[in-house]
Amino acid sequence: MIEPLVVEFEVDASVPHAFDVWTRKCASWWPSGHTVSGDPAAISFEPQSGGRIVETGPDGAEHLWGEILEWEPPGRLRFLWHLFFDRSEATEVEITFSPRGDGTVVRLEQTGWDNLGPAGPPRRERTGTAWATITSRYIAAL
């Protein structure tokens, strides 16, 4: 079994604000190099179970990144994730936002690497590097 990828960090923001910036203000901090269009006009999390995670390019084209499995603001979000890949190669991401003192602990856990066969271990490693870049931009945006 390939171990889940876990990224955990603390931010100086309330739980509701941390959740809001991740889900409603994603385009303001998400690195353009980690998008399909390279210059998204919007990145949207449709706020419901069954909703989509969609990048809208400057030309209005939509690029599906994933689907919301569980939407539990402000404490939890779980989704299928297939940015840059076919949906059949989706992994699952769960993000929790938990209070700690005056701040919030954000914990991201990504699973499903075994479903990718031999591509699973190298993709997990590359994804871990990508999340480090992405989460550092998120922290700066808070």
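Our numbering numbers the first residue of the sequence shown as 39 and each following residue consecutively.
Where a beta carbon is used, it is the ideal one built from N, C-alpha and C, also for glycine.
Given the structure is predicted, the values throughout are model-derived calculations rather than measurements.
Asked: Length of the line joining the Cα atoms of Asp97 and Pro78; Found: 9 Å
Asked: C-alpha distance - Arg114 paired with Pro156, whole-angstrom precision; Found: 30 Å
Asked: Beta-carbon gap between Val49 and Leu180 smaller than 9 Å; Found: yes
Asked: Where Gln86 falls, given that 16 or more other Cβ within 10 Å makes a residue buried; Found: exposed
Asked: For Thr149: DSSP bridge partner residues; Found: Glu130
Asked: Exposed unless 16 or more other CB atoms sit within 10 angstroms - verdict on Arg53; Found: Reading off the sequence shown, one finds Val at residue 53, where the question assumed Arg. It counts as buried.
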